[in-house]
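Only one structure is covered here, and it is reproduced in the block below.
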Ligand SMILES: Nc1ncnc2c1ncn2[C@@H]1O[C@H](COP(=O)(O)OP(=O)(O)O)[C@@H](O)[C@H]1O
Ligand SMILES: [Mg+2]
């Protein structure tokens, strides 16, 4: 893989929690990987292995102790203040386990927020919202408040909000974690559709083999280090799922 | 076991309980201070000449009791909202309702009693320091004011403990009647209620009508007498509430549909407000009333303070008259900013006092002229000596220049040659009229004191508008002091009312702003968003409060007759009060920023 078509490029990334005079904990150790444009990559690992930490580094919510992170040509580690906020607003779409919808806003207002932050005109905004709502089949939910939606519906609204401004990468931190199996499957299918139809790069973090089986490539993380890597190639999903289970057996021995 | 669990729940919300306890304590302390003034008959008798003073204090006490009831109701609902979830959980785990009821009852009562006891002690200390400080600053000398006054302690304890027993009973009934499920999900209940436009319109109109009745009642206090106040309180409260419900929500909702709402954080701001104002309608109503009362009380209080010298000017043609002035008195007079000054020679003989016509022709005696009617205007005029020879002896100020303990001596103005021949005790009297009584009060006070020391009939020797002023200071002293006191008390309660609500909303907002932070909202944008949101929550009751005050001041028209007016010079009072209010807003804002803004988001 060449650097030129990489959307995310991580080199020598380390993260140590705790100040020098406090008890320290190294959550990430020398992480190196890339995500190509339009790729659907999964990061898999047990609870506490450092997945959320890694995602926080990529999305600038936290700063690395060492190493480089380049997202869509921006050196994330060199940004400060407003640059960081603007970077998150423009380059990254985020889906969280707990939806992170604002309950005081309707679904439509929630989805429109990233565009409003950019100062998009209301006409363009309406159009973009309705387009994305069609794609995710939530057009009839737009006027509802989050409290009136089911978990699966909430997560679809969250996904719509994450992609409405066409970020260069969509990141999800266990987005299916709070969903029942049917809703989880629907969401993963949607992510696949988004990835294929809009050629959007997706980085999915999960501890669940079923979710991981939707990815094209999986990086296994353990104790803050990337151990092995699996590629789906031309296998169908259930075969890939089996391969993941096998890999986990050896990875976690 | 259950008791232990309940205690653990309290420990988890230490900060909220501390705020609650502090608020209740402050309220009890303030009430004690006021009860100390209102129930101390010796103090009132010594300081206010008329019986109307105790009426005024009684009215103040009623207002304060009403506010206290509302305040405790509000604090209690805050307490209940903290505990609903916990107790719901205990019930789901199988705790008996009766046991839960007991716990809630005890918890409320203990909290209340502790707050009352600490409050009274604090009130004692505050009475000692703050009251003294206020009095010094107002230049009032109030006798018989003691910090420790048993009837006031009893009144405070009875009211507060009584109210807390009621609150405990209410909580007991509430918790044992509500279903477990409702208790558990109290904070998740959808805040988006249906808007029924027709109903809202009706509520809005009804609110306006009620407000109109209330404002009218205040203006018509002369006709309605004491009935005006309860009528106005009820109608204005209900009217404000209905108007808020109808208009503020409608306004926010219609704003949400505009293109403006789709820019930057505006949709979030409107969503927050929509969410809040609905929850906050009741609180905003109360705060607007508190605001009005605080501002009204301070306006009236400072109105009296400012306008008293002006009023006193109506009561005499000269500020002070000095007899046989000494060198020391002359030095004091030289310090005054004098408008008019004259010295006359008197000869006192029996019941008569003689004046030299030549002297009076050269230096005519100034007389006070007042127009009659509603808009009284005062002026100082002099007459030709011929005319004055007739009118002078009936002029009360002229008569006042020569008095003894038994009577006013009858003045007679005689020609210079006659005057020279006239036998009797010769004295001189110097009348002084100053430009600004308030400015010169300290000097005149010294002069009056010297006069009193020098003459055996002190009060009679110092006639003049200064004397009226002194009398009126005593007369209005209680009222003026009460104005300041209630104003500050209401402002303090208003402050902690908003504080309760805002602190109880902070954890939810913390989550929301964290989300915005993750979505890439700039720090500055979040800061200004919060400033706008809290600013609007402060602004709504502020505006309503100012309107209430502007109408409410009508009530004081009969008390402050022309040339005094409750509306005179309110600009500066409003400015000072709004300044205080703004400072409070800023403090709340900074606190809120600290609590709510994500830590990582610092610039
Ligand atoms: N803010 C923090 N301070 C200290 N240690 C942390 C912090 N956040 C996470 N950790 C530690 O880092 C490790 C990785 O955490 P995390 O990235 O959340 O794991 P995952 O998301 O894979 O479950 C855990 O052992 C966790 O305890
Ligand atoms: Mg995690």
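Protein chains in written order, with this note's numbering: chain U, 1 to 253; chain Z, 1001 to 1603.
Note that the Cβ used here is the ideal one computed from N, Cα and C, for glycine as well.
query = Quick one: what's got a C-beta closer than 7 Å to residue 1243 (chain Z)'s C-beta in the same chain, skipping five residues either side?
reply = For residue 1243 (chain Z), where only same-chain residues beyond five positions count, the Cβ hits under 7 Å are 1204, 1207, 1208 and 1211.
query = So what's residue 66 (chain U) in DSSP terms, helix, strand or just coil?
reply = Reduced to three states, the DSSP call for residue 66 (chain U) is strand.
query = So, does the CB of residue 1259 (chain Z) fall closer than 9 Å to a CB anywhere in chain U?
reply = Between residue 1259 (chain Z) and chain U, the shortest Cβ-Cβ separation is below 9 Å.
task = Could you tell me the boundaries of the alpha helix (DSSP H) in which residue 1258 (chain Z) lies?
result = For residue 1258 (chain Z), there is no enclosing alpha helix (DSSP H), since its DSSP letter is neither H nor E.
query = At a Cβ threshold of 9 Å, is residue 1577 (chain Z) touching chain U?
reply = With 9 Å as the cut-off, residue 1577 (chain Z) does not count as an interface residue toward chain U.
message = Check this for me: beta carbons of residue 1354 (chain Z) and residue 1411 (chain Z), under 9 Å apart or not?
response = Going by C-beta atoms, residue 1354 (chain Z) is nearer than 9 Å to residue 1411 (chain Z).
request  = Determine the burial state of residue 1241 (chain Z): buried for a count of at least 16 other Cβ atoms within 10 Å of its Cβ, exposed for fewer.
outcome  = The residue in question, residue 1241 (chain Z), is buried, as its Cβ has 16 or more Cβ neighbours within 10 Å.
inquiry  = Does the beta-carbon of residue 30 (chain U), which I'm using as the reference point, lie nearer than 8 Å to any heavy atom of ligand 2?
reply    = Checking the Cβ of residue 30 (chain U) against ligand 2 gives no.
query = Within 9 Å (strictly less), CB to CB, does residue 1528 (chain Z) reach chain U?
reply = So no, residue 1528 (chain Z) is outside the interface.
query = Going along the chain, which unbroken runs of the alpha helix (DSSP H) with 4 or more residues stay wholly within the region 1230-1312 of chain Z?
reply = Qualifying alpha helix (DSSP H) stretches, in chain order: 1249-1256 and 1266-1312.
key: Euclidean distance between Cα positions of residue 27 (chain U) and residue 9 (chain U)   = Using only the alpha carbons, I get a separation of about 19 Å.
ask   = Below 9 Å between beta carbons: does that hold for residue 1368 (chain Z) and residue 1314 (chain Z)?
value = In this structure, residue 1314 (chain Z) lies closer than 9 Å to residue 1368 (chain Z) by Cβ.
key: DSSP state of residue 177 (chain U) mapped onto helix, strand, coil   = Under the three-state reduction of DSSP, residue 177 (chain U) is assigned to coil, being neither helix nor strand.
inquiry  = Considering Cα atoms alone, identify which of U:176, U:151 and U:103 is closest to residue 943 (chain Z).
reply    = What the structure shows of chain Z is the stretch from 1001 to 1603, and residue 943 (chain Z) is not part of that stretch, so it cannot be assessed.
ask   = Name the DSSP beta bridge partners of residue 1408 (chain Z), please?
value = In the DSSP output, where bridge partners are listed per residue, residue 1408 (chain Z) has Z:1403.
query = Given that residue 1521 (chain Z) touches chain U, what residues does it touch there, using C-beta distances under 9 Å?
reply = 85, 88, 89, 113 and 117, listed in chain order.
task = Please list the partners that residue 1515 (chain Z) has in chain U, where partner means a Cβ-to-Cβ separation under 9 Å.
result = Result: 96, 100, 101 and 102.
ask   = Mind checking residue 1293 (chain Z): buried by the 16 CB within 10 Å criterion, or exposed?
value = Its Cβ being crowded by 16 or more others within 10 Å, residue 1293 (chain Z) is buried.
message = Can you look up residue 1383 (chain Z) in the DSSP assignment and give me helix, strand or coil?
response = Of the three classes helix, strand and coil, the one that applies to residue 1383 (chain Z) here is coil, per DSSP.
ask   = If you measure from the CB of residue 176 (chain U), is any heavy atom of ligand 2 nearer than 8 Å?
value = Residue 176 (chain U): no, Cβ never under 8 Å from ligand 2.
query = Apart from the five residues just before and just after residue 1215 (chain Z), which ones in its own chain have a Cβ nearer than 6 Å to its Cβ?
reply = The answer, listed in chain order, is 1551.
query = How would you write the range of the beta strand (DSSP E) that residue 206 (chain U) sits in, first residue to last?
reply = Run containing residue 206 (chain U): 201-206, per the beta strand (DSSP E) assignment.
query = Under 8 Å from any heavy atom of ligand 1, does the C-beta of residue 65 (chain U) make it?
reply = Not a single heavy atom of ligand 1 lies less than 8 Å from the C-beta of residue 65 (chain U).
Helix, strand or coil at residue 1460 (chain Z) [DSSP, three-state] = With a pLDDT of only 47 at residue 1460 (chain Z), under the threshold of 50, the placement of this residue in the model should not be trusted; the figure read from the coordinates follows. DSSP places residue 1460 (chain Z) in the helix class (H, G or I) of the three-state scheme.
inquiry  = Quick check: what's the CA-CA separation for residue 1409 (chain Z) versus residue 1295 (chain Z)?
reply    = So the two alpha carbons sit approximately 49 Å from each other.
task = Would you please state the rounded distance, in angstroms, between the beta carbons of residue 1320 (chain Z) and residue 1112 (chain Z)? I believe it to be under 8 Å.
result = That belief does not hold up - the Cβ atoms of residue 1320 (chain Z) and residue 1112 (chain Z) are roughly 55 Å apart, past 8 Å.
ask   = So which residues on chain Z does residue 105 (chain U) lean against when the C-beta distance must stay under 7 Å?
value = One finds 1267, 1268 and 1271 in chain Z with Cβ atoms closer than 7 Å to the Cβ of residue 105 (chain U), taken in chain order.
ask   = residue 1433 (chain Z) by DSSP, collapsed to three states: which one?
value = Residue 1433 (chain Z) carries a strand assignment under DSSP once its states are collapsed to helix, strand and coil.
ask   = Does any C-beta atom of chain U lie closer than 9 Å to the C-beta of residue 1188 (chain Z)?
value = Because residue 1188 (chain Z) sits at a pLDDT of 47, beneath the cut-off of 50, its placement in the model cannot be relied upon, and the point is left open.
ask   = If the cut is a Cβ gap below 8 Å, which residues of chain U does residue 1274 (chain Z) touch?
value = 104, listed in chain order.
task = Give, in chain order, every unbroken run of the alpha helix (DSSP H) that is at least 4 residues long and sits entirely within the region 94-178 of chain U.
result = The region 94-178 of chain U is shown to contain whole alpha helix (DSSP H) runs of 4 or more residues at 107-118, 122-135 and 151-163, in chain order.
message = Any heavy atom of ligand 2 closer than 8 Å to the beta-carbon of residue 47 (chain U)?
response = Ligand 2 approaches residue 47 (chain U) closely enough that one of its heavy atoms is under 8 Å from the residue's Cβ.
key: Short CB-CB distance (under 9 Å) between residue 1253 (chain Z) and chain U   = The beta-carbon of residue 1253 (chain Z) is placed no less than 9 Å from the nearest beta-carbon of chain U.
message = Quick check: is any heavy atom of ligand 2 less than 8 Å from the C-beta of residue 15 (chain U)?
response = Because no heavy atom of ligand 2 lies under 8 Å away, the Cβ of residue 15 (chain U) does not count as near it: no.
ask   = By how many angstroms is the C-alpha of residue 1024 (chain Z) removed from the C-alpha of residue 1006 (chain Z)?
value = Here the alpha carbons of residue 1024 (chain Z) and residue 1006 (chain Z) stand approximately 21 Å from one another.
ask   = Grouping DSSP H, G and I as helix and E and B as strand, with all else coil, what is residue 275 (chain U)?
value = Look at the range of chain U in this structure, 1 to 253, and you will see that residue 275 (chain U) is not part of it.
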